[in-house]
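Each protein sequence line maps, in turn, to chains A and B.
Letter by letter, the first sequence follows residues 163 to 504 of our numbering.
Letter by letter, the second sequence follows residues 13 to 338 of our numbering.
The structure appears below as structure tokens.
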Amino acid sequence: MANLLGDLVNPDKYQEPINISGFDTNHLMDDLKQMYVIRRVEEIIGDNIVTGVIKCPCHLGIGQEATAVGLSRYLRSSDRVFGGHRSHTHYLGLRGSVYKLFAETLGKLDGCSKGMGGSMHLYDPSIGFGGSVPIVGASVPIATGAALAAKKDNVGDIAVSYLGDSACEEGAVQESFNLASIMKLPIIFVVENNLFASHMHIDLRQPHNSTARFAEAHGIPFKVIDGNNLTDIYEASQEAVKYCRENKGPYFIEAMTYRWRGHVGPREDTDVGVKRKDDLNTWKKRDPIRRLKDSLINKNVLSENDFNEITKLIDKNLVEQWQKALDAPYPPKSLLTEIVYK
Amino acid sequence: MKHTQGTAILAAHKYLLDNYPEVFVFGQGLWSPWYVGSTMTDLDKIYGKDRIIDSPVSEVAVTGAAIGASLYGYKPIVVHPRMDFMILAVDQIVTQAAKWSSMFGGQSHPNITIRGIVNRGGEQGAQHSQSLHSWFAHIPGLRVVMPTTVKDARDLLIASVLCPDPVLFIEDRWLYDEEDELDPVGEPLVLNDQESNILIEGSDLTIVANSFSCLQAKRVIEQLERENYSIELIDLRILNPLKYDKLVNSVKKTGRLLSIDGGWTTCGVAGEIIAGITERIDPSSLKTRPVRLTLTDAPAPTSKPLENEYYLSEEKIINTIKDMLN
Ligand SMILES: Cc1ncc(C[n+]2csc(CCOP(=O)(O)OP(=O)(O)O)c2C)c(N)n1
């Protein structure tokens, strides 16, 4: 149990292109594009934090694009997905509007939370995104409740709870695992284990570095996967979603990944005031986008040229969305008190 | 020596750690100074990681464990870098620590100090902006201390840790850069003897405020001095248990009361101050009805224009004072 992650914690491993045989190339291409969109969106947000245009705290998901993109492929808009402080990827994985995310980070009325939440409080029920909140672990019981509602509805909808490795240190999260298990609730707990809680490595916080041991303890079936490998994520997600839709109970995925930027904000060199170890460049070789792209090129599905054309188009579009968000209005002052109660 | 409020709090930690081997510090972010401004810089390097303990993301267990250790001879300081995260530990603070002495016949006392840090503004939004001192001041058995001045930040923290009761020590990061010249730490204060403090004397109006709202009031009074207003400013300092003598005497003298607080309105400390004072004076001694100024009764927004609307502005304080005096 202590060693569930194995080589996944060794940044020198898992750098190769991934195995894409047997997977739908349209899906792969589509998700490659979406991962690229997420990366560029996060980079644009990062750049605009540096210049002071974005002021709200932003926890960027650069390097962690694959998990949400892979899982979202098997979700539907009546499912209920919840996240935490680092949830741009979860929202965009479900194809949430880039414009609304940009506007939200700027506190604009067109934002997905009407400019009232900022980066840390995203919401869009039209894509099945039930909300992300920055109190660590807080959305896990709520997602569990969304699964309870889905179970009562009995139409096969499921809940997804994205959490970080540190959330497993909170009592409410452990209670939720137990509750979901004993009540057989259709929820996928997805731990994106990036080894860190702000400045603290998991080895300083937990006796074992794999959080899947909590699934085992609570009798929840689980998979530990390379969270930077899109097709591994597909396989685990497909199984988890099927299990939950068939009303068999909760499922647990631990996706090993790594964040490239600091805990909050755009910096790569320091993390909440502490200088980072210099192994980031090694971890970057596990880039989920590059590994998928190389696999597609190796199989002649894609050429370097195609990729450049695709990314050029995306870049152009993102610049337009960003400009539109800059031009959007702020919420009226009256909104402050009008929406406190329904 | 020149201090900011941040370095004054750091100095209090050093004084306590130097002189009391039973003091240790426990909480999140203690090995990264970033989380708590300049209030903990290098403490882990000076005193070692056994006494400056960074923790897993487990507010309930950390707070409860500190209470437990305090029952067996230690004087822990628990740090919650943000009051919003501390809320997870409310059972341990309110239902355990605050009750412990009474329910065991006054025989056992959790000597724990909890730093609940208010950290707001900067478009952080509803879950990273709360100042819930009024909630906690409601609780018998829990001392609630809120320093405004640089000196108090140091000396009241020392008094809190040396006090045998559970103390919630609430800092506001908006005060961390305030500066003052401090003498070395003298004889520690006895927390139980502490009460509100008249920061500025005046004759026409009494303002009672705490923490950052007290600094705002001070700035406003300094501006208004040029216009010949004579306003008395009282810094509350200790929210629970509350002592009224100074407050009552001041309002008897000025006949006017403005109660300012950086929390919400309903069941808040601003209203409590008005109630506590007015029930102790003859209504005829009031020249005008008392007024309270608080935050807008809404969760904190993120976007800048709404933040400006939400938080209490000095302009609003000035207008209220002028209304009350003219
Ligand atoms: C209850 C609570 N405690 C502490 C924090 C401060 N905090 C924000 S994110 C974080 C660590 C998050 O680490 P993890 O859950 O592993 O997610 P990651 O940031 O790695 O994506 C902490 C301690 C918080 N937001 N909420």
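By construction, the Cβ of each residue, glycine as well, lies at the ideal position given by its N, Cα and C atoms.
Computed from a predicted model, the values in this text were never measured in an experiment.
How about residue i and residue j: are their beta carbons less than 8 Å apart?
i      : j      : result
L256/A : I289/A : yes
E178/A : I451/A : no
D257/B : C226/B : no
I329/B : L305/B : yes
A165/B : Q17/B  : yes
H250/A : G223/A : yes
L268/A : A487/A : yes
N123/B : P176/B : yes
F358/A : L325/A : no
S146/B : V220/B : no
T306/A : A329/A : no
G153/B : S114/B : yes
Y318/B : K495/A : The residue asked about is misnamed: residue 318/B is Leu in this sequence, not Tyr. Cβ distance < 8 Å, so L318/B and K495/A count as in contact.
L217/B : R268/B : yes
E207/B : V162/B : no
A334/A : V386/A : no
A374/A : F414/A : yes
Mind checking residue i: buried by the 16 CB within 10 Å criterion, or exposed?
i      : result
V516/A : The requested residue 516/A does not occur in the structure, where chain A is confined to residues 163 to 504.
N19/B  : With the sequence shown as reference, residue 19/B is identified as Thr, and Asn is not the correct amino acid for it. Result: buried.
F339/B : Residue 339/B is absent from the structure shown; chain B starts at 13 and stops at 338.
M13/B  : exposed
A230/A : buried
D294/B : exposed
V212/A : exposed
F264/A : buried
C274/A : buried
K334/B : exposed
Mind checking if residue i is an interface residue toward chain B, Cβ cutoff 8 Å exclusive?
i      : result
C218/A : yes
R367/A : yes
K262/A : no
K495/A : yes
G280/A : yes
A359/A : yes
H380/A : no
S328/A : yes
Y492/A : yes
E393/A : Position check: residue 393/A holds Thr in this sequence, whereas Glu was assumed. No, T393/A lies away from the interface with chain B (no Cβ there is under 8 Å from its Cβ).
T499/A : yes
G223/A : no
I304/A : no
V352/A : no
G258/A : no
V212/A : no
V386/A : no
G427/A : no
G269/A : yes
M362/A : yes
V434/A : yes
G333/A : yes
V502/A : yes
Of all the CB atoms in chain A, is at least one closer than 8 Å to the CB of residue i?
i      : result
Y256/B : no
T139/B : Sequence inspection shows Gln at residue 139/B; the Thr mentioned does not correspond to that position. Q139/B counts as touching chain A.
E213/B : no
Q235/B : no
E135/B : yes
For ligand 2, I want to know if residue i counts as a neighbour, meaning its beta carbon is within less than 7 Å of at least one of the ligand's heavy atoms.
i      : result
N356/A : Summarising the ligand content, the structure contains ligand 1 and does not contain ligand 2.
Between the stretch 206 to 217 of chain A and the stretch 175 to 189 of chain A, can you find at least three pairs of beta-carbon atoms closer than 8 Å? With contact defined as three or more Cβ pairs closer than 8 Å, the stretch 175 to 189 of chain A and the stretch 206 to 217 of chain A are not in contact.
The stretch 313 to 329 of chain A contacting the stretch 380 to 395 of chain A, beta-carbon criterion three pairs below 8 Å: no
Across the stretch 225 to 239 of chain B and the stretch 66 to 85 of chain B, are there enough close Cβ pairs to call them in contact, namely three or more that are closer than 8 Å? No: fewer than three Cβ pairs fall under 8 Å.
Output needed in chain order: residues of the stretch 53 to 76 of chain B with a Cβ under 7 Å from some Cβ in chain A. D66, P68, V69, S70, V72
Which residues, taken in chain order from the stretch 92 to 125 of chain B, show a beta carbon closer than 9 Å to some beta carbon of chain A? D96, F97, I99, L100
Across the stretch 307 to 326 of chain B and the stretch 137 to 144 of chain B, are there enough close Cβ pairs to call them in contact, namely three or more that are closer than 8 Å? yes
Please identify, using Cβ separations under 8 Å, the residues of the stretch 300 to 320 of chain B that lie next to chain A, in order along the chain. T308, D309, A310, P311, P313, T314, S315, K316, P317, L318
Select from the stretch 182 to 210 of chain A all residues with a C-beta closer than 8 Å to any C-beta belonging to chain B, and list them in chain order. none
Are at least three pairs of beta-carbons, each pair with one atom in the stretch 194 to 212 of chain A and one in the stretch 463 to 481 of chain A, less than 8 Å apart? yes
Would you call the stretch 92 to 105 of chain B and the stretch 390 to 404 of chain A touching, i.e. three or more CB-CB distances under 8 Å? No: the two stretches stay apart, fewer than three of their Cβ pairs being nearer than 8 Å.
Looking at chain B, which residues of the stretch 275 to 300 of chain A have a Cβ within less than 7 Å of any of its Cβ atoms? G277, M278, G279, G280, M282, H283, V295, P296, I297, V298
Against chain A, which members of the stretch 276 to 297 of chain B pass a CB distance test of less than 9 Å? none
Mind the definition here: the stretch 69 to 86 of chain B touches the stretch 272 to 289 of chain A only if three or more C-beta pairs lie below 8 Å; say whether that holds. no
Short-range partners of chain A found in the stretch 27 to 48 of chain B, where Cβ spacing is below 9 Å: Q40, G41, W43, S44, P45, W46, Y47
What residues from the stretch 224 to 251 of chain A come within 7 Å of chain B, judged by C-beta to C-beta, listed N to C? Against chain B - using a Cβ distance shorter than 7 Å - the stretch 224 to 251 of chain A contributes no residues.
Name, going along the chain, the residues of the stretch 181 to 201 of chain B whose beta-carbon falls closer than 9 Å to a beta-carbon of chain A. none
For the stretch 319 to 337 of chain B, which residues have a beta carbon sitting closer than 8 Å to at least one beta carbon of chain A? E321, Y322
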